[in-house]
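So the structure is just underneath, and the comments pick up after that.
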Amino acid sequence: MGHQGRQLGNIPVEPTLKGQEMVLEQYPYVGMPYRVKFVGPLADSSVDPCITIKLMPNNADRVSPIYAGLGYLLTKHAKFSDETEFKIVRGEFESRKVPLMDLIIDNRGYLSSRFDLYDIIGFVSVYPRPVIDNAPLSKCPRCNAYIWAPNDDQSTDKDEWYNKAVGRFCSYSTPRFCLYCGQRFRISYKHGRQDLIYKTAKTERHITIPKLKVNQS
Ligand SMILES: [Zn+2]
């Protein structure tokens, strides 16, 4: 906690946009696209139905899992029939300049099918949980998305798909939350290290160095 606490005073205000990835002096943002539904007159439009939210996978800003959770709820519940309205909502989520509680209250109709504030708050404030199964094919315990393996191109070569997961795991082995749904992951702070807690069908284990099978090709 102490380590993260020191970062609080240095939260960056104006990140520099560089393609999909936000690059800051010390704290990298990633742009995570959340796809919403277009209905009525918007269904045939050429507007990209994505709201891309800036997230810090190490949660240095302390609110990234909440924004990811809101992004997930948008993909489940948001339906837009008006382009102007969509662009206003997209701007509010992408800029992250609207105070978080105002953002949630003002957009509750896009975040919950029942307009229920308590559904939304409950979803984004769940307790951290261990990830499921071993790296690099671990999954989020809530939405079941792969944490490192690509979730979208499983039709491509299996070795390539697996090696991508190994590469992502090696470059980024301790994500604090699921980029898809915002579920926070449990972390072990043993021995001065910070490691993910993994859970298999039978046990909950502290794995510091998961065994990776690397394909030679
Ligand atoms: Zn998830």
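For the sequence shown, my numbering assigns the number 6 to the initial residue and increments by one for each residue that follows. We put the beta carbon where it would ideally sit given N, CA and C, even for glycine. Remember, it's a predicted structure, so these values are computed and weren't measured experimentally.
Runs of beta strand (DSSP E) lying entirely within the segment 124-212, each at least 3 residues, in chain order:
Counting only runs of 3 or more, we get 200-204, 209-211.
Which whole-angstrom value is the C-beta distance of arginine 191 and proline 135, which I expect to be below 8 Å?
Contact holds; Cβ gap of about 5 Å.
Close beta carbons around glutamine 31, own chain, < 7 Å, minus the five adjacent residues each side
Confidence at glutamine 31 is low in this model, with a pLDDT of 47, below 50, so the placement of that residue should be treated as unreliable; the coordinate-derived value is given next. Within its own chain, no residue has a Cβ closer than 7 Å to the Cβ of glutamine 31 once the five positions on either side in sequence are excluded.
Ordered along the chain, which non-local residues of its own chain (more than five positions away) have a Cβ less than 7 Å from that of proline 38?
Taken in chain order, the residues that qualify are Cys55, Thr57.
Measure the C-alpha to C-alpha separation of tryptophan 153 and leucine 47 and round it to an integer number of angstroms.
When rounded, the distance between both Cα atoms is 34 Å.
Are at least three pairs of beta-carbons, each pair with one atom in the segment 66-82 and one in the segment 121-131, less than 8 Å apart?
Yes, they touch.
For lysine 144, which of Pro70, Val94, Pro33, Pro180 has the nearest alpha-carbon?
When each option's Cα is compared against that of lysine 144, the closest is Pro180.
With a threshold of 16 other CB atoms inside 10 Å of the CB of lysine 102, please say whether the residue is buried or exposed.
Exposed, since its Cβ has fewer than 16 Cβ neighbours within 10 Å.
Since proline 70 is in the alpha helix (DSSP H), which residue starts that stretch and which ends it?
Where proline 70 is concerned, the enclosing alpha helix (DSSP H) stretches over 69-82.
Output the distance between the C-alpha atoms of aspartate 66 and valine 94, rounded to the nearest integer angstrom.
One C-alpha to the other measures close to 22 Å.
Any residue with its Cβ nearer than 6 Å to a heavy atom of ligand 1 should be included. What is that list in chain order?
After applying the 6 Å Cβ criterion, the set is Cys145, Arg147, Cys148, Ala150, Cys183, Tyr185, Cys186, Gln188.
In the DSSP assignment, what are the bridge partners of proline 38?
Here proline 38 is bridged, per DSSP, to Thr57.
Which stretch, first to last residue, makes up the alpha helix (DSSP H) that contains glycine 45?
Boundaries for glycine 45: no alpha helix (DSSP H) harbours it, and the DSSP string shows neither H nor E there.
Mind checking whether glutamate 99 and serine 50 have CB atoms under 8 Å apart?
Not a contact, by the Cβ cut-off of 8 Å.
Taking the straight line between their C-alpha atoms, what separation do you get for cysteine 183 and proline 70?
The alpha-carbon separation between cysteine 183 and proline 70 amounts to approximately 7 Å.
Per DSSP, which one or two residues make a beta bridge with phenylalanine 85?
Here phenylalanine 85 is bridged, per DSSP, to Phe43.
Give me the Cα-Cα distance between valine 68 and asparagine 149, rounded to the nearest whole angstrom.
Going by the C-alpha atoms only, they are around 22 Å apart.
Taking the continuous alpha helix (DSSP H) assigned at arginine 101, which residues delimit it?
Element bounds for arginine 101: n/a, residue is neither H nor E.
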